[in-house]
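Structure record follows, encoded as structure tokens.
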Amino acid sequence: SQTIHQWPATLVQPVGSPLSLECTVEGTSNPNLYWYRQAAGRGLQLLFYSVGIGQISSEVPQNLSASRPQDRQFILSSKKLLLSDSGFYLCAWSVIPVGYGYTFGSGTRLTVV
Amino acid sequence: DQQVKQNSPSLSVQEGRISILNCDYTNSMFDYFLWYKKYPAEGPTFLISISSIKDKNEDGRFTVFLNKSAKHLSLHIVPSQPGDSAVYFCAVSRGNEKLTFGTGTRLTIIP
Chain A
1 SQTIHQWPAT LVQPVGSPLS LECTVEGTSN PNLYWYRQAA GRGLQLLFYS
51 VGIGQISSEV PQNLSASRPQ DRQFILSSKK LLLSDSGFYL CAWSVIPVGY
101 GYTFGSGTRL TVV
Chain B
114 DQQVKQNSPS LSVQEGRISI LNCDYTNSMF DYFLWYKKYP AEGPTFLISI
164 SSIKDKNEDG RFTVFLNKSA KHLSLHIVPS QPGDSAVYFC AVSRGNEKLT
214 FGTGTRLTII P
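Here it is in structure tokens:
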């Protein structure tokens, strides 16, 4: 069966520090991968998505970047965190057709102080 | 330009009664519609879906209705239970394009 792992569960980082969040998927090949952020009191904002190794699409301009070094690994990074980067970050995967939905990871609560 | 709207940010319903969550979309080309449920500090989990060829899909206490002419989607939960308290997101897609999520509705079931 397919599973998605996301870590860490919580993270407190000072402003200006780097960030690396990792997500891995098991039990499927060539999934579409996604990074979402849920800011306090807001909906799900798509940050990045990837349809294959090295293929990254950015949805919104921001202080973050994403990489997909392996088929089932998706990494969210920042060189210097801002206070506004605080939020709940979610990784998700899907197969084609996308209409069958996404499976989400358990999320990372990032607090930038 | 918000393609998917959930106009009620919150909803309170008495336990045992019906909860109705609504979602409006703008693009008539969307052909797959889903509902997700999210508890605090957890990832959203898939609840129920419907394709554009149907107008109703039922799964236990959950029923999703699709009104294509009105571009309106609703989720009915009956009877509502305390464990249903969560944030509910609708999501839509067209073909193989990525899902577009609504802003969410926080449902609180009052015992």
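Order-wise, the sequence lines are chains A and B. Residue numbers for the first sequence follow this note's numbering, beginning at 1 and rising by one. Residue numbers for the second sequence follow this note's numbering, beginning at 114 and rising by one. Glycine included, C-beta positions come from ideal geometry on N, C-alpha and C.
Provide the residue span of the beta strand (DSSP E) that contains phenylalanine 178 of chain B, from first to last.
175-180
Touch check for the segment 6-13 of chain A and the segment 53-62 of chain A: three-plus C-beta pairs under 8 Å?
Contact fails between the segment 6-13 of chain A and the segment 53-62 of chain A, because fewer than three Cβ pairs, one in each stretch, are under 8 Å apart.
Out of B:Thr216, B:Ser132, B:His185, point me to the one whose CA is closest to aspartate 144 of chain B's CA.
Comparing Cα-Cα distances from aspartate 144 of chain B to each of B:Thr216, B:Ser132, B:His185, the minimum goes to B:His185.
Leaving out five residues on either side along the sequence, give the residues of the same chain with a beta carbon under 6 Å from the beta carbon of leucine 188 of chain B.
A distance below 6 Å between beta-carbons, with the five flanking residues on each side excluded, links leucine 188 of chain B to the following residues of its chain, in chain order: Leu134, Trp148, Val177.
Going by DSSP, what residue range makes up the beta strand (DSSP E) through phenylalanine 74 of chain A?
73-78
Please say whether isoleucine 75 of chain A and serine 86 of chain A have beta carbons closer to each other than 7 Å?
no
Starting from the Cα of tyrosine 138 of chain B, find the closest Cα among B:Ser165, B:Ser132, B:Lys151 and give me that residue.
B:Ser165
Could you have a look at leucine 90 of chain A and say whether DSSP puts it in helix, strand or coil?
strand
What is the residue span of the beta strand (DSSP E) that glutamine 38 of chain A lies within?
32-38
Give the secondary structure of leucine 83 of chain A by DSSP, where H, G and I count as helix, E and B as strand, and everything else as coil.
helix
What does alanine 154 of chain B reach in chain A if we use C-beta pairs closer than 9 Å?
Neighbours of alanine 154 of chain B on chain A, chain order: Ala9, Thr10, Phe88, Ser106, Gly107, Arg109.
Is there a Cβ from chain B that is less than 7 Å from the Cβ of leucine 33 of chain A?
no
Ignore the nearest five residues each way along the sequence and tell me which others in valine 112 of chain A's own chain have a CB closer than 7 Å to its CB.
Gln13, Val15, Leu81, Leu82, Leu83, Asp85, Ser86
List the residues of chain B that arginine 42 of chain A touches, going by C-beta distances under 9 Å, in chain order.
In chain order, Thr216, Gly217 make up the part of chain B whose C-beta sits under 9 Å from the C-beta of arginine 42 of chain A.
Which of the three DSSP states, helix, strand or coil, is assigned to tyrosine 100 of chain A?
helix
Can you find a C-beta in chain B that's less than 7 Å from the C-beta of isoleucine 96 of chain A?
yes
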